[in-house]
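What follows is a single structure, written as structure tokens, with notes after it.
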Amino acid sequence: MYLPEKIPKAKVLITVKTYPNPSVKYDELMCNAGFLESGEWIRIYPIKFRALPYAQQYKKYDWIQLDLVRKKKDFRQESYMPEQGIDEKIKILDKIGTGKKRDWSERKTFALREVFVSMEDLIALAKKRNWKSLATVKPKEMVKFEIKEAEREWKQSMRDRLRQLSLFDTDRDKQSRELQIVRKLPYKYYYHFLTEGDYKPRRMMIGDWEIGALYWNCLAQAESDEIEANKLVRQKYETEFFKKDLHLFVGTTIANHIKAPNPFIIIGVFYPPFISHQLLSFNL
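Going by the numbering used here, the first residue of the sequence shown is number 425, and it counts up by one from there.
Printed below as a string of structure tokens:
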């Protein structure tokens, strides 16, 4: 284990927020990941993000501060939990700027500190009792973006249980309000891509908050036309991102880490523009 058992007042740059999943124990959970100031990857869960007070609802590329302890029942080396569990107070410190004129260099300092160009090399580190479970991957070639229909509702047993639970948050006016159970995405999204040493494209699911939020926003924009909504999602994740210097944030699930041949899924995308010398080599 390369990190200590406890990290008091840990400062974490949030780069990954997974799409929320209902939980019988905690109502609703999401997994977050990012980088410590020293550059190491770290995973933080459980967090009932939507139930956090408004002042604690951080965004991607926010620096947050909280007390962390190693997650005892999780063998993956990057996994931590808030010391006070779901009651931990989270402080938002700062943000790496966003917007069309953002400077990507500060983000690259963390996101591209260690980049894998071979999925096979990464999987080997995940399997050989190193239990590495978070990484940045640079594909050699992006092949395609796939959209596949999925179940439209959470399992009945989960819905029945969640109806007995209440999920609340506090809005910006400090008023408590009951939250609706998070909507299940009716589609799954995948990237097909090649890394060094691959003889055929890999197919990996995209499971981050960003693509889920994009779908719902596009559905509203398309006036509930799912075909048109997914055209807009494809435009972003294929047409636009394939023209960028695309990197993938990948992570494992604890259930599949040991048994799956490839335990990784895509938990985020990092898409800085090509800089001038990259564009030259890209066009050669």
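Virtual Cβ for every residue (Gly too), placed ideally from N, Cα, C.
Does residue i pass the burial test, meaning 16 or more other C-beta atoms within 10 Å, or should it be called exposed?
i	result
D518	exposed
D632	buried
I690	buried
E620	exposed
A574	exposed
E664	exposed
K552	exposed
Y426	exposed
F592	Its pLDDT being 44, under 50, F592 is placed unreliably in this model, and the value from its coordinates should be taken loosely. Classification for F592: exposed.
V541	exposed
I699	exposed
V657	buried
K496	exposed
Using C-beta distances below 6 Å, list every residue in its chain close to residue i, excluding the 5 sequence neighbours before and after it, in chain order.
i	result
V567	H616, F617, P625
F688	V674, T676
A646	E652, A653
I468	N456, Y504
K556	L549, A550
R500	W555, S557
Take residue i as the anchor and find which of the options has the nearest alpha-carbon.
i	options	result
A637	V606, G521, E647, E544	V606
K484	G458, Q508, D498	G458
F666	R576, P563, A679, W578	P563
W640	K433, R627, M628, K655	K655
L670	I431, A646, P696	P696
I520	A535, N686, E502	A535
V440	I488, L549, N680, A684	I488
G692	Y661, P610, C642, I516	Y661
Q659	P610, F694, F569	F569
E512	A684, P610, K433, D545	K433
L672	K496, I516, V539, I510	V539
Going by DSSP, name the residue or residues bridged to residue i.
i	result
S542	S542 pairs with nothing; no bridge assigned.
N456	K441, I468
W487	L437, D518
Just the C-alpha distance for residue i and residue j, rounded to the nearest angstrom, thanks.
i	j	result
D622	M543	8 Å
N554	I651	43 Å
R531	K668	15 Å
R537	I682	26 Å
Y443	E634	8 Å
M505	R576	30 Å
I514	R494	17 Å
E565	Q508	43 Å
N456	D649	31 Å
T560	W465	10 Å
E502	P470	14 Å
I431	L490	9 Å
A644	Y614	22 Å
W578	K608	6 Å
F694	S529	12 Å
T533	Q580	45 Å
A684	I516	36 Å
I510	N680	25 Å
C642	D545	37 Å
Taking CB distances under 7 Å as the criterion, tell me whether residue i reaches chain B.
i	result
E429	No chain B is part of this structure, which consists of one protein chain only.
Below 7 Å CB to CB, which residues in the same chain sit around residue i once its five sequence neighbours on both sides are set aside?
i	result
D498	I678
E461	K435
E429	V493, R494
K612	K572, A574, M629
L558	A457, W465, R467, E502, G675
I438	N456, G458, Y482, K484, Y485, D486, I488
G463	F534, R537
Is there at least one non-hydrogen atom of the ligand GTP closer than 6 Å to the beta-carbon of residue i?
i	result
L618	Absence of the ligand GTP from the depicted structure is noted, as is the absence of any ligand whatsoever, leaving it without description.
With a CB to CB cut of under 8 Å and the five nearest residues on each side skipped, what residues in its chain are close to residue i?
i	result
N686	M543, I547, R626, M628
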